[in-house]
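Below: the structure, in structure tokens.
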Amino acid sequence: MTQQHEPNFFTSPDGRRIAYHLTDGSGPAVIFLGGFKSDMQGTKAVYLEEWAKREGRAFLRFDYSGHGESDGAFAYGAIGDWFEDARAAIGLLAGKVVLVGSSMGGWISLLLSREMPERIAGLVTIAAAPDFTEDGMWGGFDDAQKAALENDGQVALPSEYGEPYIITKRLITEGRTRLVLRDPLDLPFPVRFLQGTADADVDKAVALRLLDHAAGPDMRLTLVDGADHRFSDDACLDLISTAVEEVLTRS
């Protein structure tokens with residue numbers, strides 16, 4: 001991996017200071033949108049940046065507020081905040097863009113696609129987790145967890161990635177205003193959904209539901225046998241860049 005340099009920063013219209021790395025190159029620019037509590041130093045983001053540099057392709061990776069090197073506290077954030085951060089990040093670029101959304105970033109990329117389809121040249125999702133605050137979290141909470149959320153304003157969930165996730169009432173209630181699997185979802189550009197069958201965080205049923213729910217002229221789902229949620233081994237990384245190249249070619 002290339003050595004990481006200090007990030008640049010911009011202040012969003014909502015007043016949040018967002019860290020980013022922008023690689024100059026030809027358009028449409030590729031934008032990586034990371035997952036819940038992840039950051040732009042992850043394997044997939046850095047891999048795609050190196051791919052973009054080799055291809056002479058413009059590329060942007062950034063940290064949502066409360067993530068990585070951006071300002072803010074993670075526990076105070078919600079899907080809408082991070083969607084607004086991503087929308088502001090697109091504003092750094094001219095012309096159309098290709099979105100690459102990983103996990104929660106897949107949900108945010110779908111929100112962007114719904115709001116500004118004219119800016120989107122193509123979409124690649126990796127273990128997309130649309131509506132996970134409602135279907136995965138709230139839907140999976142027991143009565144005690146729901147009561148704690150209501151009475152205390154938060155509940156702690158264990159994480160295999162380190163410290164427990166603090167899930168706030170705001171995350172759940174604000175997320176209900178950002179759902180994408182309940183209403184028509186038009187994706188009028190090339191779309192490639194990537195999903196591992198051994199993903200313990202996002203079941204392949206979510207990918208199948210998304211494929212069935214969305215409407216578009218050029219959508220494909222690739223299931224990778226045995227791939228987990230990280231989707232970061234060499235074969236998976238190669239699939240990601242191949243999918244990006246495919247939507248660029250077809251856009």
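First residue of the sequence shown: 1, per UniProt numbering; consecutive thereafter.
Backbone N, C-alpha and C define an ideal beta-carbon position, used for all residues, glycine too.
If I'm right that residue i touches residue j with Cβ under 8 Å, what's the distance once you round it to whole angstroms?
i: Val124; j: Ala243; result: 5 Å
i: Leu33; j: Ala73; result: That pair is no contact at about 20 Å.
i: Arg114; j: Leu185; result: 6 Å
i: Pro28; j: Lys96; result: 4 Å
i: Ser232; j: Pro190; result: With a Cβ gap of about 23 Å, Ser232 and Pro190 do not count as contacting.
i: Arg61; j: Glu49; result: 6 Å
i: Glu84; j: Ser12; result: 7 Å
i: Gly77; j: Ser65; result: 6 Å
i: Leu181; j: Asp131; result: 5 Å
Mapping DSSP to helix, strand and coil, what is residue i?
i: Gln154; result: strand
i: Glu49; result: helix
i: Arg16; result: coil
i: Gly139; result: helix
i: Glu160; result: coil
i: Asp238; result: helix
i: Gly66; result: coil
i: Phe10; result: strand
Among residues of its own chain, excluding the 5 on either side of residue i, which ones have a beta-carbon nearer than 8 Å to its beta-carbon?
i: Leu223; result: Gln195, Gly196, Thr197, Lys204 and Ala207
i: Ala129; result: Gly35, Phe36, Ser103, Met104, Gly106, Trp107, Gly136, Asp201, Val202 and Val206
i: Gly56; result: Gly25 and Ser26
i: Phe141; result: Leu149 and Val155
Check the DSSP bridge columns for residue i and list the partner residues they point to.
i: Leu22; result: Leu60
i: Leu171; result: For Leu171, which the question treats as bridged, DSSP gives no partner whatsoever.
i: Ala29; result: Val97
For residue i, collect the residues of the same chain with a Cβ closer than 6 Å to its Cβ; drop the 5 residues on either side in sequence, then sort them by chain order.
i: Lys169; result: Leu149 and Gly153
i: Gln3; result: Only weak support is given to the placement of Gln3: the predicted model assigns it a pLDDT of 46, under 50, and the value that follows is read from those uncertain coordinates. So no residue of the chain qualifies.
i: Glu71; result: Note that residue 71 is Asp in the sequence shown, not Glu. Only Arg17 meet the Cβ criterion.
i: Asp39; result: Asp63, His67 and Gly68
i: Ile126; result: Ser102, Leu194 and Phe231
i: Gly122; result: Val98, Phe189, Pro190, Val247 and Ser251
i: Ile240; result: none
i: Leu93; result: Ala29
Could you check whether the Cβ of residue i sits closer than 7 Å to any heavy atom belonging to the ligand NAD?
i: Asn8; result: With respect to small molecules bound, the structure shown includes none, and the ligand NAD cannot be examined in it.
Leaving out five residues on either side along the sequence, give the residues of the same chain with a beta carbon under 7 Å from the beta carbon of residue i.
i: Ala45; result: Phe32, Gly34 and Arg61
**Study point:** beta strand (DSSP E) segments (min. 3 residues) lying fully within the stretch 68-136
**Key:** Fully enclosed beta strand (DSSP E) runs of 3 or longer: 97-102 and 120-126.
Practice item. Just list the beta strand (DSSP E) runs in the stretch 176-234, keeping only unbroken ones of 3 residues or longer that don't cross its boundaries, in chain order. Key: Runs found: 191-196 and 219-224.
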